[in-house]
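Asker: Attaching a single structure in structure tokens format; questions to follow.
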Amino acid sequence: MTEQFITVGEIVNTQGHRGEVRVLPATDFPERFAVNKKLILFLNNQRSCLTIEKVWQHKQFIILKFAEITDMTAAEKLKGGLLQVTPEELMPLPEDRYYIFQIIGLKVIDKEVGELGQVVQVLQTGANDVYVVKPPQGKEILIPAIKSVVKKIDVSGGRMEVELPEGLI
Numbered sequence: 001m002t003e004q005f006i007t008v009g010e011i012v013n014t015q016g017h018r019g020e021v022r023v024l025p026a027t028d029f030p031e032r033f034a035v036n037k038k039l040i041l042f043l044n045n046q047r048s049c050l051t052i053e054k055v056w057q058h059k060q061f062i063i064l065k066f067a068e069i070t071d072m073t074a075a076e077k078l079k080g081g082l083l084q085v086t087p088e089e090l091m092p093l094p095e096d097r098y099y100i101f102q103i104i105g106l107k108v109i110d111k112e113v114g115e116l117g118q119v120v121q122v123l124q125t126g127a128n129d130v131y132v133v134k135p136p137q138g139k140e141i142l143i144p145a146i147k148s149v150v151k152k153i154d155v156s157g158g159r160m161e162v163e164l165p166e167g168l169i
């Protein structure tokens, strides 16, 4: 099996002239940048390890100074790079909470209808997430991620059990 990487931020620009970069966080835990000492850079289909030397927040961005990047010219080459971690480096979640990458790919089964398809996307709407389920044929099904509908999530078993409300499909 190939190793899995989770994107926690994207380098969108440089910051200053000493090699700092401006990162748009893609995580609910921006404090991770102060905790992690190393991050994986995914750029041009290659991965490399970078050591965090300094970190601070500026508006909606995280500013990072990497030990390996000494000036603005080197920092400019990192634009568009994704900062990633391995699953072992993820911040722990409370019980019955899951990362989006854990939900995508789960087989969805309704107790009345049977197998509905596979989760292909998670929409974050604000009120509650919505799981986009792609059936073997036909239109996608939108399932609200609420306890009255989603009865059980078994990540290791690769399945989600739901009870769809009347008229949802």
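Residue numbers (the UniProt record's numbering): 1 to 169. Positions of the beta carbon are idealized from the N, C-alpha and C atoms, including for glycine. Note that the structure is a prediction, hence the values are computed from the model and not measured.
State whether the segment 4 to 11 contacts the segment 79 to 89, with contact taken as three or more CB pairs (one from each stretch) at a distance under 8 Å.
Answerer: Yes, since at least three Cβ pairs between the segment 4 to 11 and the segment 79 to 89 fall closer than 8 Å, the two stretches touch.
Asker: In this structure, what does DSSP give as the bridge partners for GLY9?
Answerer: Locating residue 9 in the sequence shown gives position 9, counting from the first residue. Paired residues: PRO25, LEU83.
Asker: So, at 6 Å on beta carbons, what are the nonlocal neighbours of ILE104 in its own chain, with the 5 sequence-adjacent residues on each side left out?
Answerer: Stepping through the sequence shown from its first residue, residue 104 is reached at position 104. Excluding sequence neighbours, ILE104 sits near VAL119.
Asker: Give me the DSSP bridge partner(s) of HIS58.
Answerer: For this step, residue 58 is matched to residue 58 along the sequence shown. HIS58 pairs with PHE61.
Asker: Under three-state DSSP, which class holds VAL150?
Answerer: The residue labelled residue 150 in the question sits at position 150 within the sequence shown. Of the three classes helix, strand and coil, the one that applies to VAL150 here is strand, per DSSP.
Asker: What is the C-beta distance between GLY81 and LEU41, in whole angstroms, given that I count them as a contact (C-beta under 8 Å)?
Answerer: Stepping through the sequence shown from its first residue, residue 81 is reached at position 81. Stepping through the sequence shown from its first residue, residue 41 is reached at position 41. At roughly 5 Å, the Cβ-Cβ gap stays under 8 Å, so GLY81 and LEU41 are in contact.
Asker: Just curious, the alpha helix (DSSP H) that GLU76 is in, first and last residue?
Answerer: Residue numbering aside, residue 76 sits at position 76 when the sequence shown is read from its first letter. 72 to 76 is the span of the alpha helix (DSSP H), which, as asked, contains GLU76.
Asker: Across the segment 69 to 80 and the segment 25 to 34, are there enough close Cβ pairs to call them in contact, namely three or more that are closer than 8 Å?
Answerer: Flag = no, the segment 69 to 80 and the segment 25 to 34 do not touch.
Asker: Could you compute how far the alpha carbon of ILE63 sits from the alpha carbon of GLY19?
Answerer: Residue mapping note: residue 63 aligns to position 63 of the sequence shown, counting from 1. Residue mapping note: residue 19 aligns to position 19 of the sequence shown, counting from 1. The straight-line gap from Cα to Cα measures roughly 10 Å.
Asker: Run the proximity test for ARG97: is its beta-carbon closer than 7 Å to any non-hydrogen atom belonging to the ligand COA?
Answerer: For the structure depicted, the ligand COA is absent and the ligand set is empty, with no information on it obtainable.
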